[in-house]
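First up is the structure itself, then whatever we jot down about it.
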Amino acid sequence: MRSTVIQLKNFRSKGNRLDPRFYLGEKTVRTITNSNYDSFIKLGDLLDYFADGSRLTSCESGVPMLRLSNLDACDIHFSGLKYASIDKEAKWTAVKPQDVLFTQAAEPFRAAVMPDGFDDITVSSEITVMRPKPAVVPEYLAAILSAPSMGKILKDLAYRRSATALRRLRLKDIAGIPIPLPGRELQNKIKTAYEKAARLSQESETELSQIIQAVYAEIDRKTQMQSSTRRFKIQKKDLIGRWDVAYCSNEVLRKQLLESGSVTPLLQVAKPVPSTLRGIGEDEAVCAVKAEHINENTMMVESVDTCRLSDLSPRMRQPLNPGDVLICTTGSGEQVAYLDEKTAAEGCRILGSATFTALRFTETPRYFTIAMTHPIVRAQLNSLATGAVQRFISKKDLDSLLVPKLSVIWREDFDSRVARAFERRREALTAKAHVLEFAEQFLREEMKQ
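With the first letter of the sequence shown counted as 1, position 420 gets the number 420 in the working numbering; the numbers rise by one all the way through.
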């Protein structure tokens, strides 16, 4: 158990923090700074410039904007970018190449370096832009800020305005974070490893993007969806059951899809995963899959949390196996992901959040993972969702979902191509893990001194 002493006068000043965890983190920072004065420097002293992103209105065109979902530890995803509407008089945070982007809101806290190739790009208000001084290699700083040991310190310093809000760091707290500054040789070693991981990541995402576009094009050719369901006619006799517009629109879409002959009910190609925990002890170590572990751009579960079964809430006890496909059926998320064989360590049982419905396809699961993200499937899912407060899709409604089903030859070809792309993505994740491991090892050694 950790403890610290807090003086009463600290609570009487306006604006001072009241959460005990903050003072534990502050004590950790103070201990590191005082005992390693020559090795650690405050982050604010290593930067020429740093500022939070601006609150901007999203639109279909304008200046590209990076959000939390685009930023991972030592990795930036540029697919699916949103755009910001910026007036001439509006102030917005411009991002330049070699800037370090840091997620000052949401957990885990992470950072990445902005590459070349973008003239005008900005970030959302949850991201802080840092411009290091010449003595600091940006890739090194991003790796240190993303290291697990640094994450524990940042978690203590962060705060929540309410139980459901994102954890957030103030600029004042960010400026005081102690950062070890080694020689140029060590910084360049981390930079070399970082650049290799970034290159592999970009190549794997480009390959997956090309395959997804090819799958979409073939589905569009087979379904031949020409008409729009934004405007349609519905007869009074068809309003016996549900009469809301979304449901009627979905029925029109289903009729058009069935006439194309290239779709099949989900129940015929996949079965829901049984939710029994038989054979798993309460003290057994398991791998937990949460929403933040899914990369929407690559449709993979790229990380997991390892913990005991007894530490998980009842909503985190859905058993999963490699080869299962996860689809978000609760809340506002649209994640779809495939669990490959390297999702968790060998022999470790995988449990998923109840936010997802796990599907077990009888064949070509990787192809169906991409097919489940096609616009005609998204439209059906949005129409099937119910709930005044939180979006929810029942398993009964999900069984009648129509999914595009190409010929066996096409499905097997796409499935094998996606399998190779997933392997390339795992290589990139391994390279990124090496960068974080290198930074974590150095940070731990410095903190021991």
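We treat Cβ as the ideally placed atom computed from N, Cα and C, and that holds for glycine.
Test item: CB-CB of residue i and residue j under 8 angstroms
i    : j    : result
V100 : I86  : no
G352 : L320 : yes
A291 : Q224 : no
Q187 : V137 : yes
T306 : C328 : no
A421 : L200 : no
D283 : R308 : yes
T264 : K405 : yes
V325 : P365 : yes
P180 : L436 : no
A142 : A111 : yes
S273 : V289 : According to the sequence displayed, residue 273 carries Val and not Ser. Contact flag unset, no.
L169 : L266 : no
Cβ distance (whole Å) where residue i is taken to contact residue j below 8 angstroms
i    : j    : result
K432 : D75  : 6 angstroms
Y140 : K191 : 6 angstroms
L56  : M65  : 7 angstroms
F414 : I144 : Actually they do not touch by this definition, with Cβ atoms about 40 angstroms apart.
A147 : E445 : The Cβ separation is near 12 angstroms, so there is no contact.
F102 : M130 : 6 angstroms
A345 : M299 : With a Cβ gap of about 21 angstroms, A345 and M299 do not count as contacting.
S204 : R424 : 4 angstroms
A175 : K42  : 6 angstroms
When the options are compared against residue i, the one with the closest alpha-carbon
i    : options                   : result
R411 : T298, P314, T362 and F102 : T362
Q390 : G333, H434, A379 and F422 : G333
K396 : K271, D156 and D120       : K271
Q268 : G176, V403 and E427       : V403
P375 : I177, F102 and L257       : L257
L359 : G323, I41 and L429        : G323
G459 : A105, S407, E446 and L81  : Any property of residue 459 remains undetermined from this structure, which presents the chain solely from 1 to 449.
D45  : K133, G183, E282 and L339 : K133
Y83  : F102, F40, D120 and L169  : D120
A285 : D311, S54 and K405        : D311
D116 : T276, C59 and Q202        : Q202
S39  : A135, P178, G347 and A198 : P178
R426 : L443, S416, D340 and R378 : D340
Q104 : C348, D173, E195 and Q318 : D173
Y194 : V377, A288 and L429       : L429
T276 : R349, K448, L266 and D48  : R349
N297 : S54, A73, G80 and A51     : G80
F438 : S149, C59 and S394        : S149
F118 : Q98, A106, V418 and I280  : Q98
A51  : S313, G387, L171 and M447 : L171
R67  : Y49, S61, R317 and A106   : A106
A135 : R167, E185, Q318 and L157 : E185
R278 : R317, H434 and P182       : R317
T386 : S416, T330 and I409       : T330
H434 : K196, E259, S54 and T206  : K196
K222 : E251, E259, I280 and K189 : E259
D48  : C59, K96, K189 and V418   : K96
Start and end residues, beta strand (DSSP E) containing residue i
i    : result
L141 : Where L141 is concerned, there is no enclosing beta strand (DSSP E), although the alpha helix (DSSP H) it sits in stretches over P138 to S146.
T206 : That residue, T206, is in no beta strand (DSSP E); its alpha helix (DSSP H) goes R184 to T223.
T86  : The sequence shown places Ile at residue 86, rather than the Thr named in the question. Run containing I86: none; DSSP gives neither H nor E here.
D52  : L47 to D52
Q335 : Where Q335 is concerned, there is no enclosing beta strand (DSSP E), given that its DSSP letter is neither H nor E.
P404 : L402 to P404
P178 : P178 to P180
D305 : D305 to R308
A111 : A111 to V113
V63  : V63 to L66
S515 : Because the chain in this structure spans residues 1 to 449, residue 515 falls outside the shown range and cannot be described.
Q318 : Q318 to L320
C287 : A285 to V289
Residue range of the alpha helix (DSSP H) that includes residue i
i    : result
A439 : V408 to K448
P365 : P365 to A371
L277 : From DSSP, L277 is part of no alpha helix (DSSP H); its letter is neither H nor E.
I393 : Where I393 is concerned, there is no enclosing alpha helix (DSSP H), given that its DSSP letter is neither H nor E.
A379 : P375 to L384
D173 : L171 to A175
L269 : First, the residue type needs correcting, since residue 269 is Val and not Leu in the sequence shown. That run of the alpha helix (DSSP H) goes L266 to V269.
Tell me whether the segment 209-225 and the segment 367-385 touch, counting them as touching only if at least three CB pairs, one residue from each stretch, are closer than 8 angstroms.
yes
How do the segment 289-308 and the segment 374-389 stand: do at least 3 beta-carbon pairs fall below 8 angstroms, yes or no?
no
Touching or not, the segment 146-160 and the segment 124-133, by the rule of three or more beta carbon pairs under 8 angstroms?
no
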